[in-house]
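K.L.:
In the numbering used here, the protein residues as written are -5 to 299. All C-beta atoms, glycine included, are put in the ideal place defined by N, C-alpha and C.
1. Return the first residue and the last residue of the beta strand (DSSP E) that residue 144 is part of.
2. Residue 113: which of 102, 106, 123 and 122 sits nearest, CA to CA?
3. What ranges does the beta strand (DSSP E) occupy inside the region 77 to 133, keeping only unbroken runs of at least 3 residues that lie completely in it?
4. Please report the distance separating the alpha-carbon of residue 235 from that of residue 200.
5. So residue 164 and residue 176 are in contact, right, with Cβ under 8 angstroms, and what is the actual spacing, rounded?
6. The beta strand (DSSP E) spanning residue 244 covers which residue range?
7. Return the Cβ separation of residue 69 and residue 241 in integer angstroms, given the expectation that the two are a contact with Cβ distance under 8 angstroms.
8. Could you check if residue 192 is buried or exposed, using at least 16 other CB atoms within 10 Å of its CB as the buried criterion?
9. Just the Cα atoms here: how many angstroms apart are residue 107 and residue 161?
10. Considering only the beta carbon of each residue, do residue 58 and residue 275 sit closer than 9 angstroms?
11. With H, G and I counted as helix, E and B as strand and the rest as coil, what does DSSP make of residue 203?
12. Can you look up residue 38 in the DSSP assignment and give me helix, strand or coil?
13. Going straight from the alpha carbon of residue 218 to that of residue 232, what length do you get?
14. With 16 other CB atoms within 10 Å as the buried threshold, where does residue 213 fall?
15. Going by DSSP, which residues form a beta bridge with residue 66?
16. State yes or no: is the C-beta of residue 72 within less than 9 angstroms of the C-beta of residue 60?
17. Within its chain, find whatever has a CB closer than 6 angstroms to the CB of residue 154; leave out the 5 residues flanking it on each side and keep chain order.
18. Taking residue 212 as part of the alpha helix (DSSP H), name the residues at either end of that continuous run.
19. Threshold first: 3 residues or longer. Then list the beta strand (DSSP E) segments lying entirely within the region 143 to 203, N to C.
20. Just confirm the distance between the C-beta atoms of residue 74 and residue 156, as a whole number of angstroms; I'd bet it's less than 8 angstroms.
21. Determine the direct distance from the alpha carbon of residue 169 to that of residue 209, and round the result to whole angstroms.
22. Determine the extent of the beta strand (DSSP E) in which residue 280 is found, giving its start and end residues.
23. Contact check, residue 65 vs residue 39 under 8 angstroms by CB: the rounded distance?
24. Please report the straight-line C-alpha distance between residue 203 and residue 277, rounded to a whole angstrom.
25. Leaving out five residues on either side along the sequence, give the residues of the same chain with a beta carbon under 6 angstroms from the beta carbon of residue 222.
26. Label residue 88 either buried or exposed according to how many other C-beta atoms from any shown protein chain fall within 10 Å of its C-beta, with 16 as the threshold for buried.
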């Protein structure tokens, strides 16, 4: 991506996720709002994720980051803008800090009424690391609708009965130059597109960074999801499978990828952009299901990409 934009990972596919839990952090700024009685959704999200960074010994954690919290039915994804490397800055540090602050904000909001734009704004205000990143915050609120704030070219799709019924639009200033927040960027959290989309039992949410969506067409993701459902895969295993396919396609040299088509749409020569786009790949999968009222515990997870 253009600007306007150490712990070691093992080589095991399953260990690439590097899950860790953020505990009560440093003092942060919160935007306080008056709240009233919040209706609880009759649905919930059962979630899992997979992350595989590019092979780069200088940045073993890559530049993506994500978190999810099943208690608050919320997902957040960030993709650090790689062109900061020209200035000696690891934008992955910004993305990871942004997601840590997003998790803190989420867990200080009313359950069933998480405000994605507010989460993004609070995370932005509390992130001091250098760099910038895209961001996508997705939550299931009390009216059984997904509410999202999406800034840049990370995003999500909703699959219903085997077909994509919604995909969030990408925000780009120009080809491969997504909207981003951080140090010295013209974009702000208010630049994020706010999305509301009703969901129902059986829907599957596939969220990810551009490492996913630049390498797999919606129909290809549909096919993988269908295969995983036949195998009765968990959200974690489905995310792993989608992520591995995206990584494989990112290494293709002569195929037509979504990234190739975007380059052609922007007026570039197809032969300069044939094949996949080798990048960090983050995938978060959520199954929409009836709420389990007897459940007494939920999970919160974070991962550096």
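P.N.:
Inspection of the coordinates gives the following:
1. For residue 144, the enclosing beta strand (DSSP E) covers residues 139 to 145.
2. The option with the nearest alpha carbon to residue 113 is 102.
3. Runs of the beta strand (DSSP E) lying entirely within the region 77 to 133, each at least 3 residues long, are absent.
4. When rounded, the distance between both Cα atoms is 12 angstroms.
5. About 18 angstroms; that fails the 8 angstroms criterion.
6. Not the beta strand (DSSP E): residue 244 falls in the alpha helix (DSSP H), residues 229 to 244.
7. Contact between residue 69 and residue 241 is absent: CB atoms are separated by about 20 angstroms, not below the 8 angstroms threshold.
8. Label assigned to residue 192: exposed.
9. Going by the C-alpha atoms only, they are around 22 angstroms apart.
10. Going by beta carbons, residue 58 and residue 275 fall inside the 9 angstroms limit.
11. Here residue 203 sits in coil by DSSP.
12. Correct three-state label for residue 38: strand.
13. Inter-residue distance for residue 218 and residue 232 is about 8 angstroms (C-alpha atoms, whole angstroms).
14. The residue is exposed, with fewer than 16 neighbouring Cβ atoms inside 10 Å.
15. The bridge partners DSSP lists for residue 66 come to none.
16. Against a cut-off of 9 angstroms, the Cβ pair of residue 60 and residue 72 comes out as a contact.
17. Apart from sequence neighbours up to five positions away, the residues of its chain that approach residue 154 with a beta-carbon distance below 6 angstroms are 197, ordered along the chain.
18. Per DSSP, the continuous alpha helix (DSSP H) segment holding residue 212 begins and ends at 212 to 224.
19. If we require 3 residues or more, the beta strand (DSSP E) runs fully inside the region 143 to 203 come out as 149 to 154, 157 to 161, 166 to 168, 187 to 192 and 198 to 202.
20. About 34 angstroms separates the two Cβ atoms, so there is no contact after all.
21. Our two residues, residue 209 and residue 169, have alpha carbons roughly 15 angstroms apart in a direct line.
22. Residues 275 to 284.
23. A Cβ-Cβ separation of about 10 angstroms leaves residue 65 out of contact with residue 39 under the 8 angstroms criterion.
24. If you draw a straight line from the Cα of residue 203 to the Cα of residue 277, it is about 7 angstroms long.
25. Same-chain partners within the cutoff: 232 and 235.
26. By the 16-neighbour rule on beta-carbons within 10 angstroms, residue 88 is buried.
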